[in-house]
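*Asks:*
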Amino acid sequence: MFKTHTPDTDEEVDLCLCGTQRSPAARAARFSSFSLARYSFTYCSARLKMTPTIEKCIIACPSSPVKNWANELVKRLGKDAIAALAIDGKGGKAEMFEKVVRWVAAGGRNVTRPVMIVSYETLRTLSAHLANCTIGLLLCAEGHRLKNSEPLTFQTLNGLNVKRRVILSGTPIQNDLSEYFSLLNFANPDFLGSKNDFRKNFENLIIRGRDADASDAVKAESEKKLKELGGLVVKFIIRRTNDLLSKYPPVKYEHVVFCGLFDF
Numbered sequence: 001m002f003k004t005h006t007p008d009t010d011e012e013v014d015l016c017l018c019g020t021q022r023s024p025a026a027r028a029a030r031f032s033s034f035s036l037a038r039y040s041f042t043y044c045s046a047r048l049k050m051t052p053t054i055e056k057c058i059i060a061c062p063s064s065p066v067k068n069w070a071n072e073l074v075k076r077l078g079k080d081a082i083a084a085l086a087i088d089g090k091g092g093k094a095e096m097f098e099k100v101v102r103w104v105a106a107g108g109r110n111v112t113r114p115v116m117i118v119s120y121e122t123l124r125t126l127s128a129h130l131a132n133c134t135i136g137l138l139l140c141a142e143g144h145r146l147k148n149s150e151p152l153t154f155q156t157l158n159g160l161n162v163k164r165r166v167i168l169s170g171t172p173i174q175n176d177l178s179e180y181f182s183l184l185n186f187a188n189p190d191f192l193g194s195k196n197d198f199r200k201n202f203e204n205l206i207i208r209g210r211d212a213d214a215s216d217a218v219k220a221e222s223e224k225k226l227k228e229l230g231g232l233v234v235k236f237i238i239r240r241t242n243d244l245l246s247k248y249p250p251v252k253y254e255h256v257v258f259c260g261l262f263d264f
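Counting from 1, one number per residue, gives the positions in the sequence shown under UniProt numbering.
1. Just grab the DSSP bridge partners of Thr217 for me.
2. DSSP three-state label for Val115, please.
3. Would you call Ala26 buried or exposed, if buried means 16 or more other Cβ atoms sit within 10 Å of its Cβ?
4. Whole angstroms are fine: how far does the CA of Ser169 sit from the CA of Pro250?
5. Alpha carbon to alpha carbon, what distance is there between Leu160 and Cys133?
6. Which ranges does the beta strand (DSSP E) cover as unbroken runs of at least 3 residues, wholly within the UniProt domain "Helicase ATP-binding" (56 to 190), from first to last along the chain?
7. At a cut-off of 6 Å, would you count Arg109 as near the ligand FMN, judging by its Cβ distance to the nearest heavy atom?
8. Beta-carbon within less than 6 Å of Thr6's beta-carbon, same chain only, minus the 5 sequence neighbours each way: which residues are those?
9. Here's the rule: buried if 16 or more other CB atoms are within 10 angstroms of the residue's CB, otherwise exposed. What is Lys56?
10. Does DSSP put Gly260 in a helix, a strand or coil?
11. Using a Cβ-Cβ cutoff of less than 7 Å, which residues in the same chain neighbour Arg124 once the five nearest sequence positions on both sides are dropped?
12. Where do the ends of the alpha helix (DSSP H) carrying Ile207 lie?
13. Between Asn158, Asp216, Arg199, which lies nearest to Leu137 when the distance is taken from Cα to Cα?
14. Between Ile87 and Thr122, is the Cβ-Cβ spacing less than 7 Å?
15. With distance defined between alpha-carbon atoms, name the residue in Pro189, Ile207, Asp216 nearest to Val233.
16. Any Cβ of chain C within less than 7 Å of the Cβ of His129?
17. Suppose the cutoff is 6 Å on Cβ atoms and the five residues either side in sequence are ignored; what does the same chain contact list for Val100 look like?
18. With burial defined as no fewer than 16 other Cβ atoms inside 10 Å of the residue's Cβ, what is the status of Ile207: buried or exposed?
19. Helix or strand or just coil, what does DSSP make of Phe236?
20. In whole angstroms, give me the CA-to-CA distance for Ala37 and Asp263.
21. Is it buried or exposed for Ser252, if we count other Cβ within 10 angstroms and need 16 for buried?
22. Terminal residues of the continuous alpha helix (DSSP H) containing Lys195?
23. Out of Arg239, Ala60, Ala214, Gly260, which has the shortest C-alpha to C-alpha gap to Met116?
24. Going straight from the alpha carbon of Leu139 to that of Trp69, what length do you get?
25. On the three-state DSSP scale, how would you describe Asn254?
26. In three-state terms, what does DSSP make of Leu244?
27. Excluding the 5 residues preceding and the 5 following Leu184 in the sequence, name in chain order all residues of the same chain whose CB lies nearer than 8 Å to its CB.
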């Protein structure tokens, strides 16, 4: 289905992640559709087989859909395409740590399960084990959780040794420029400068122009800065709106059925 209505998606992900576009060093992509996010996840996982520069991949997601992501990998790529290590909380901590240690230590032909799928909460407890591990690709499902750079989850993910970072989210975050900056800075560190630089160069000027009492000159400067910011981030953001995606899912039927009461 995704191949039908987003024929440019494969090319755009390649450009952002594999360095063939004049994009920032981290070469990250962000999707604003959950369905497209799942497609991008399986596509990027396939790059493990296609691209020798990617040896290991981590998918961070909420705790409940860890197994769902593992099943999605099999569904999209086939049963024997890529084996995944799904850390779903089953078993004791000792067993979990043992699996992670083996995953970190594996290299080259010894990497039998290149994809680790783990919840954000569990990943925080694994920071010490993953500190010296080189990760080829990091996918953050429901990535709007990273809109605040202060929590431990953000710090843990930002501390991983990984340059290719993909944030997947279907939640609008552009309404708050500080949160927007946190996500952009996670994907491409320092591309827009420090947080203070961003506020000085973009945020403050854009917000002033949104004031009801702002002069025409201030509003014009605000729009100019907004377009400038959009021109910078479009290099590593892939956005699919509902206007496009809503045309392709199967038709939804709703039936109202009256159920009478039964005698007890």
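In this text, a Cβ means the ideal position worked out from N, Cα and C, and glycines have one as well.
Since the model is a prediction, treat every value here as computed from it, not as a measurement.
*Replies:* This is what the structure gives:
1. Residue 217 is actually Ala in this sequence, not Thr. In the DSSP output, where bridge partners are listed per residue, Ala217 has none listed.
2. strand
3. Its pLDDT being 43, under 50, Ala26 is placed unreliably in this model, and the value from its coordinates should be taken loosely. By the 16-neighbour rule on beta-carbons within 10 angstroms, Ala26 is buried.
4. 22 Å
5. 8 Å
6. 57 to 61, 84 to 87, 115 to 119, 137 to 140, 165 to 168
7. In the structure on display, the ligand FMN does not appear, and there are no ligands present to speak of.
8. Residue placement at Thr6 cannot be trusted, given a pLDDT of 47 that sits under 50; the coordinates are not used to answer.
9. buried
10. Looking at Gly260 - three-state DSSP - the assignment turns out to be coil, as it is neither helix nor strand.
11. Leu152, Thr153, Thr156
12. 204 to 209
13. Asn158
14. yes
15. Nearest option by C-alpha distance: Pro189.
16. Among the chains of the structure shown, chain C does not appear; only one protein chain is present.
17. Leu126, His129
18. exposed
19. In the structure shown, Phe236 sits in coil (DSSP, three-state: anything other than H, G, I, E or B).
20. Confidence at Ala37 is low in this model, with a pLDDT of 47, below 50, so its placement is unreliable and the value that follows should be read with caution. Spanning the two alpha carbons is a distance of roughly 49 Å.
21. Rather than Ser, the amino acid found at residue 252 in this sequence is Lys. Exposed is the call here.
22. 195 to 198
23. For the set Arg239, Ala60, Ala214, Gly260, the Cα lying nearest the Cα of Met116 is the one of Ala60.
24. Taking C-alpha positions only, Leu139 is separated from Trp69 by approximately 11 Å.
25. A quick correction: the sequence has Glu, not Asn, at residue 254. In the structure shown, Glu254 sits in coil (DSSP, three-state: anything other than H, G, I, E or B).
26. helix
27. Phe191, Leu192, Val233
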